[in-house]
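Reading through the structure tokens given below for one structure.
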Amino acid sequence: MQRHFERQLDRLKTDLIRMGSLVDDQIEVAMRALFQMDLTLVALVREREKRVNEYDNLIDEEIEQIFATAQPVASDLRLLMAALKMNSQLERVGDIAENIAERAESLAKLKDGGEKLVRDLMARTNLSAMADAARKMVRDAFDSFINADAELGNEVRDRDDVVDRLDRENVTMLIKAMREDPRVIEAATNLIVLSRHLERLADHATNIAEDVVFLVEAKLIKHHGVEPPPEEKKQK
438 MQRHFERQLD RLKTDLIRMG SLVDDQIEVA MRALFQMDLT LVALVREREK RVNEYDNLID
498 EEIEQIFATA QPVASDLRLL MAALKMNSQL ERVGDIAENI AERAESLAKL KDGGEKLVRD
558 LMARTNLSAM ADAARKMVRD AFDSFINADA ELGNEVRDRD DVVDRLDREN VTMLIKAMRE
618 DPRVIEAATN LIVLSRHLER LADHATNIAE DVVFLVEAKL IKHHGVEPPP EEKKQK
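Residues 438 to 673 in this note's numbering are what the sequence shown spells out, letter by letter.
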């Protein structure tokens, strides 16, 4: 019975690692789609989102099966609860990656100045630095879970304020740009939404990191509220 339980846990961890790797790839491709305004990459993100949802359902089923066939206690119970939350956070990160790709598509199709206008406006923002910081937070948060590294989890949490500051700076600059030149309104509006998507990536990374601290230290930390916007899809 114990060996069967251990095999179930090993399979669960393996599938979480695979899902985390896929979601990290999704973020990377979505960022490239954005900064290169590449519609082929947009299509790739959309296609692979199906696999993210498949992993989400599979991992949920594996956790349910473990609860149904075993009676996990103490650290094993915390691991399962953390895995359940991790799965949910990763699925939402996958959704945001798709949203970023879709927003990149909208920018690539803009008329009245088109690509040059978007690139000039984007160069005035902190979006590139923000994207790098948010993606590293997600990656490090996942690594902290895999390695049960509460210290790294706490480091990830501390970085959230940096991304929040970059988001505020982006919004302030883009609103100012719209007031000064009405031609940039559509592009700037899309970039504000993109900045908010990146800020939410950092929030989800923070939530994962907080779950890791709970897993390792049995210390509950209040989660950030992350309310998905209407366009942030949940495909189950």
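Backbone N, C-alpha and C fix where the C-beta goes; we use that ideal spot for every residue, glycine too.
Fair warning: this is a prediction, and the values are worked out from it, not measured in the lab.
Judged by DSSP secondary structure, Arg556 falls within the alpha helix (DSSP H) whose first and last residues are 551 to 560. In the pairwise beta carbon analysis, the segment 522 to 540 is classified as touching the segment 624 to 635: at least three pairs are separated by under 8 angstroms.
Using a Cβ distance threshold of 7 angstroms, Leu476 and Ala568 do not count as a contacting pair. In this structure, Val482 is the residue among Phe579, Lys487, Val482 with its C-alpha nearest to the C-alpha of Arg540. By the Cβ-count criterion, Leu514 is exposed, with fewer than 16 other Cβ atoms from all chains shown falling within 10 Å of its own Cβ.
Measuring C-alpha to C-alpha distances from Arg561 to each of Val621, Asp462, Ala655, Met574 identifies Val621 as the nearest. If only complete runs of 4 or more residues are kept, the segment 493 to 567 shows the alpha helix (DSSP H) at 511 to 545, 551 to 560, in order along the chain. Annotation for Met615: the continuous alpha helix (DSSP H) segment containing it runs 587 to 617. It is roughly 14 angstroms from the alpha-carbon of Ala507 to the alpha-carbon of Met518.
Ala571 is positioned such that its CB atom lies closer than 7 angstroms to that of Leu635. Arg637 is classed as buried because its beta carbon has at least 16 other beta carbons within 10 Å across all chains shown. Ala505 counts as exposed, since fewer than 16 other beta carbons sit within 10 angstroms of its beta carbon.
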